[in-house]
Amino acid sequence: MATRIKKGNREDAAVRRAQIIDEAIRQIGQIGSRGFTIQGLASKCGISNAGLLHYFGSKDGVLIALVDEIESREEVIVAPLLAATKASSGNGEDAYVAMVRLLRRIIERYREIPELGRFLIVLQTDAMDPAHPAHAWFLARAEETEDLFGQLLAPWAVDAQEAARMCYALIFGLARRWYDKPESFDLGQTLERAVRAIVPFESD
Numbered sequence: 010m011a012t013r014i015k016k017g018n019r020e021d022a023a024v025r026r027a028q029i030i031d032e033a034i035r036q037i038g039q040i041g042s043r044g045f046t047i048q049g050l051a052s053k054c055g056i057s058n059a060g061l062l063h064y065f066g067s068k069d070g071v072l073i074a075l076v077d078e079i080e081s082r083e084e085v086i087v088a089p090l091l092a093a094t095k096a097s098s099g100n101g102e103d104a105y106v107a108m109v110r111l112l113r114r115i116i117e118r119y120r121e122i123p124e125l126g127r128f129l130i131v132l133q134t135d136a137m138d139p140a141h142p143a144h145a146w147f148l149a150r151a152e153e154t155e156d157l158f159g160q161l162l163a164p165w166a167v168d169a170q171e172a173a174r175m176c177y178a179l180i181f182g183l184a185r186r187w188y189d190k191p192e193s194f195d196l197g198q199t200l201e202r203a204v205r206a207i208v209p210f211e212s213d
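Using the numbering used here, the letters of the sequence shown correspond one by one to residues 10 to 213.
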């Protein structure tokens with residue numbers, strides 16, 4: 010179904026841009042970034058190519074705008090849990106539970122918003138190619154995420170960076186497997202069991 014972009018005044022610009030982004034997320038999640046075109050997106054949104062490029066400048070601009078927008082949206086969801094995790098300092102059980110809850114919440118977003126999760130998996134896979142416009146973006150975010158996970162896991166991990174790398178790979182890998190057969194297993198529970206196995210809590 011096409012997403013018609015209503016014409017209006019400047020106050021509508023942010024809404025129209027968000028509508029275009031949502032439609033692009035759906036398209037790329039279905040056909041990948043290789044098959045994604047400005048013409049196809051513009052047609053679905055009911056605007057001209059020039060009208061679409063007014064917002065993003067180019068196809069590459071659309072892709073980068075998409076991942077930046079998704080990052081901003083997800084920060085709103087994850088930020089409170091991240092703050093709570095950092096506030097639970099030390100290596101006690103409360104801090105451990107907060108850390109596990111944060112990682113579980115991250116992967117549960119793939120189940121809650123399937124089209125968003127599918128988009129991220131497809132685009133991240135496409136972006137493995139160094140020539141892909143989002144390659145550097147995903148590489149930088151992966152390193153930043155692993156560093157953050159390393160900080161969160163440090164109180165309980167023998168090797169925090171190795172544990173962080175494993176947890177990062179788990180989130181992507183489990184989500185990818187879940188999309189092959191949705192609802193075949195519980196994403197949150199499976200990740201939590203894996204995290205507790207990788208970094209077990211041991212009380213003093």
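No residue lacks a Cβ here, since even glycine has one placed at the ideal position from N, Cα and C.
For residue i, the three-state DSSP class (helix, strand or coil)
i, result
"His144", "helix"
"Pro123", "helix"
"Met137", "coil"
"Ile56", "coil"
"Ala206", "helix"
"Glu84", "helix"
"Ala163", "coil"
"Lys95", "helix"
"Lys190", "coil"
"Ser42", "helix"
"Asp195", "coil"
"Asp69", "helix"
"Asp168", "coil"
"Gly101", "coil"
"Glu152", "helix"
"Glu211", "coil"
Per-residue burial, residue i [other beta carbons within 10 Å of its own, 16 or more giving buried]
i, result
"Ala145", "exposed"
"Ile180", "buried"
"His63", "exposed"
"Asp189", "exposed"
"Thr46", "exposed"
"Gln39", "exposed"
"Leu196", "buried"
"Val208", "buried"
"Gly126", "buried"
"Asp135", "buried"
Contact belief for residue i with residue j at Cβ below 8 Å, rounded distance in angstroms
i, j, result
"Ile34", "Glu124", "6 Å"
"Ala184", "Ile130", "6 Å"
"Ile86", "Arg118", "7 Å"
"Thr199", "Tyr177", "Actually they do not touch by this definition, with Cβ atoms about 15 Å apart."
"Val109", "Val204", "6 Å"
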